[in-house]
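Peer 1: I have a structure I would like to understand better, so I am pasting it below and will then ask my questions one at a time.
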Amino acid sequence: MSEPIASYPRVRVQGGGRQVVSQAGSVLLVETVRKVGLDRAISVALAPWRKPRAVHDPGKVLLDVALAVALGGDCLADVGMLRAAPAVFGLVASDPTVSRVVDTLAGSGEKALQAIRAARAEVRENVWRLADRKAPDAVGSVTVDLDGVLVIAHSDKEDAAATWKKTYGHHPLMGFIDHGPGGTGEPVAALLRPGNAGSNTAADHITAAQLALAQLPKKYRRGRQTLIRTDSAGGTHDFVAWLARRGRWLSYSVGMVITEAIHEYVLKVPASAWTAAVEADGEIRDGAWVAELTGDVLDGWPKGMRLIVRKERPHPGAQLRLTDADGMRLTCFATNTLGRPIAELELRHRLRAQAEDCIRAARATGLQNLPLHRTAQNRIWLEIVQIALDLLAWMPMLALTGKARLWEPRRLRLRLFTTVGQLVTTGRRRILRLARHWPWTRHITTALECLALLPNPG
-14 MSEPIASYPR VRVQGGGRQV VSQAGSVLLV ETVRKVGLDR AISVALAPWR
36 KPRAVHDPGK VLLDVALAVA LGGDCLADVG MLRAAPAVFG LVASDPTVSR
86 VVDTLAGSGE KALQAIRAAR AEVRENVWRL ADRKAPDAVG SVTVDLDGVL
136 VIAHSDKEDA AATWKKTYGH HPLMGFIDHG PGGTGEPVAA LLRPGNAGSN
186 TAADHITAAQ LALAQLPKKY RRGRQTLIRT DSAGGTHDFV AWLARRGRWL
236 SYSVGMVITE AIHEYVLKVP ASAWTAAVEA DGEIRDGAWV AELTGDVLDG
286 WPKGMRLIVR KERPHPGAQL RLTDADGMRL TCFATNTLGR PIAELELRHR
336 LRAQAEDCIR AARATGLQNL PLHRTAQNRI WLEIVQIALD LLAWMPMLAL
386 TGKARLWEPR RLRLRLFTTV GQLVTTGRRR ILRLARHWPW TRHITTALEC
436 LALLPNPG
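Position 28 (the sequence shown) corresponds to 13 in the working numbering; numbering is contiguous.
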């Protein structure tokens, strides 16, 4: 009987390798940081927190942690993967120094958070300019999606509490820019809240919207070209009134709860008033219709608000709710947009589901858990997570093309960042040689060529 053939070759492993760089593909992120000026902006913003004769710049420390999170890290100690490659990442602080910097920033409260956010907003404007204003969608508008995220935590975390899903942890409210089918989302707001924070707390939605608008380039902070979009958690009188008070400054598309009054009005809508719903490709959606409600159902809501309802046949086996009517599943939203067909407005609101992709990317980039104990520390962690997500959105926006531009964080790490390189020094030049056999080496080198063509900051 012949011996079985081994499935994998056996190799002898030794720990004495030199001039080998793991995570060599991360030079894409490092070069993005340099080209967009993020390192300078963060360094200047956090200069007041640098102690006299300190070796490490707080801005560099914070940015190093963000790079580690972008590469898959989920705690401060994971910055060690950068420390192992000084030729790529430069001088990286020790774990105790990183902890002290985070504690110092956390102790400054809102002042440090505002400094970090201001630096991100400044760089975002530069990134969009470098991308030839391709960050907004084709019609020159910006859509900001607000949505809550549940983050599981143990009871020893400050402000951890029981959530509405009967889990335990925190309930941050996030904001993401929807770049549509041509790109991934950018984080523009992260409001850390206890786990028992309400989903429909108007004050929190107002704060998150203010944070998001402050992150946009100045031309998008006012005007109907900026759309605030939420699910039904944002459909409160106070939040809609806050949006409406901005008048011509903002557009909104806010999900609404099907109340008894709305339910009764839907039953009275004549068949001739229903319009077939459409899909993103322009095709008519079979079994779904939309209509606009008017009259007394709008009493108490801001002037100019439109109420649009959708009814559709439920999927086979789906359980109907008490608010559904005549065997049809009902959903509803409010908007102040005029001059567009209601089917088009309903499709625009339904595309809010793309925020779930952004939340999935955030969970895969440091938001699976909040690693620190105190709330003030975890607020700094949320800023770090947003910087990491910014880089994971900006690098593809500036350097990748085709389907690669839509890769989510896990795929970027697997295909681009985790490749290994050999560091070669010739004279005064250091060259990082990537593996020739790696299937995506060409993607990396082409992306680096694109970044090299961008002007240097300042």
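Don't be surprised by glycine CBs; every beta carbon is placed ideally from N, CA and C.
From the DSSP secondary-structure annotation, give me the bridge partner or partners of L408.
Peer 2: Numbered from its first residue, the sequence shown carries residue 408 at position 423. In the DSSP output, where bridge partners are listed per residue, L408 has L417.
Peer 1: With hydrogens ignored, establish whether the beta-carbon of H222 is closer than 7 Å to any heavy atom of the ligand GDP.
Peer 2: Here there are no bound small molecules, and the ligand GDP is not part of this structure.
Peer 1: Measure how close the beta-carbons of E143 and T360 come, nearest whole angstrom, since I'm counting them as under 8 Å.
Peer 2: Numbered from its first residue, the sequence shown carries residue 143 at position 158. Numbered from its first residue, the sequence shown carries residue 360 at position 375. 5 Å between Cβ atoms; contact.
Peer 1: Are there 16 or more other CB atoms within 10 angstroms of the CB of Y(-7), so buried, or fewer, so exposed?
Peer 2: Counting from one through the sequence shown, the residue named residue -7 turns up at place 8. The residue is exposed, with fewer than 16 neighbouring Cβ atoms inside 10 Å.
Peer 1: Buried or exposed for V124, going by 16 or more other Cβ atoms inside 10 Å?
Peer 2: Position 139 of the sequence shown, counted from the first residue, corresponds to residue 124. Because V124 sits at a pLDDT of 49, beneath the cut-off of 50, its placement in the model cannot be relied upon, and the following sentence gives the value as read from the coordinates. So V124 ends up on the exposed side.
Peer 1: Between L385 and the rest of its own chain, which residues show a CB-CB distance below 6 Å, the 5 nearest in sequence each way excluded?
Peer 2: For the purposes of this step, residue 385 is identified with residue 400 of the sequence shown, where counting begins at 1. Result list for L385: A432, in chain order.
Peer 1: Among L278, T404, L391, which has the Cα closest to the Cα of G167?
Peer 2: As a working mapping, residue 167 is identified with position 182 in the sequence shown. Ranking L278, T404, L391 by Cα distance to G167 puts L391 first.
Peer 1: Give, in chain order, every unbroken run of the beta strand (DSSP E) that is at least 3 residues long and sits entirely within the stretch 173 to 260.
Peer 2: With a minimum length of 3 residues, the continuous beta strand (DSSP E) runs that stay inside the stretch 173 to 260 are 211 to 215, 236 to 241.
Peer 1: Quick one: give me the first and last residue of the beta strand (DSSP E) that G351 is part of.
Peer 2: For this step, residue 351 is matched to residue 366 along the sequence shown. Element bounds for G351: n/a, residue is neither H nor E.
Peer 1: Measure from the alpha carbon of A340 to the alpha carbon of each residue in L158, G0, I247, then state which is nearest.
Peer 2: Here the question's residue 340 lines up with position 355 in the sequence shown. The shortest C-alpha separation from A340 is found at L158.
Peer 1: Would W34 be called buried (16 or more neighbouring beta carbons within 10 Å of its own) or exposed?
Peer 2: Within the sequence shown, numbered from 1, the residue matching residue 34 stands at position 49. W34 is buried by the Cβ-count criterion.
Peer 1: Grab the span of the alpha helix (DSSP H) containing L294 for me, first residue to last.
Peer 2: To locate residue 294, count along the sequence shown from 1; it is residue 309. Checking the sequence shown, residue 294 turns out to be Val, not Leu. Segment 291 to 297 is the beta strand (DSSP E) holding V294; no alpha helix (DSSP H) there.
Peer 1: So G285 and H222 are in contact, right, with Cβ under 8 Å, and what is the actual spacing, rounded?
Peer 2: To locate residue 285, count along the sequence shown from 1; it is residue 300. To locate residue 222, count along the sequence shown from 1; it is residue 237. With a Cβ gap of about 7 Å, G285 and H222 count as contacting.
Peer 1: Straight-line CA distance for D375 to S126?
Peer 2: Along the sequence shown, one-based indexing puts residue 375 at 390. Along the sequence shown, one-based indexing puts residue 126 at 141. In a straight line, the C-alpha of D375 is about 19 Å away from that of S126.
Peer 1: Given a cut-off of 8 Å, decide if G183 and T148 are closer than it, judged by their beta-carbon atoms.
Peer 2: Along the sequence shown, one-based indexing puts residue 148 at 163. Along the sequence shown, one-based indexing puts residue 183 at 198. No; because the gap between Cβ atoms is not below 8 Å, this pair is not in contact.
Peer 1: In whole angstroms, what separates the C-alpha of E329 from that of V173?
Peer 2: Taking the first residue of the sequence shown as 1, we reach residue 329 at position 344. Taking the first residue of the sequence shown as 1, we reach residue 173 at position 188. Cα to Cα, the separation comes out at about 26 Å.
Peer 1: On the three-state DSSP scale, how would you describe G154?
Peer 2: For the purposes of this step, residue 154 is identified with residue 169 of the sequence shown, where counting begins at 1. The answer is strand: DSSP assigns G154 an E or B state.
Peer 1: Determine the extent of the alpha helix (DSSP H) in which E110 is found, giving its start and end residues.
Peer 2: The residue you call residue 110 lines up with position 125 of the sequence shown. Unbroken alpha helix (DSSP H) run through E110: 95 to 115.
Peer 1: How many angstroms separate the CA atom of P121 from the CA atom of H164?
Peer 2: What you label residue 121 is simply residue 136 of the sequence shown in a count that begins at 1. What you label residue 164 is simply residue 179 of the sequence shown in a count that begins at 1. Because P121 sits at a pLDDT of 46, beneath the cut-off of 50, its placement in the model cannot be relied upon, and the following sentence gives the value as read from the coordinates. Roughly 6 Å separates the two Cα atoms.
Peer 1: Please classify S257 as buried or exposed, where buried requires at least 16 neighbouring CB atoms within 10 angstroms.
Peer 2: The residue you call residue 257 lines up with position 272 of the sequence shown. By the neighbour-count rule (16 or more Cβ atoms within 10 Å), S257 is not buried but exposed.
Peer 1: Taking three-plus beta-carbon pairs below 8 Å as touching, is the stretch 192 to 211 in contact with the stretch 396 to 410?
Peer 2: The answer is no - the stretch 396 to 410 does not touch the stretch 192 to 211, with fewer than three Cβ pairs under 8 Å.
Peer 1: Among all the DSSP beta bridges, which residues are the ones paired with F161?
Peer 2: Here residue 161 is taken as the residue at index 176 of the sequence shown, counted from 1. Per DSSP, D130, P172.
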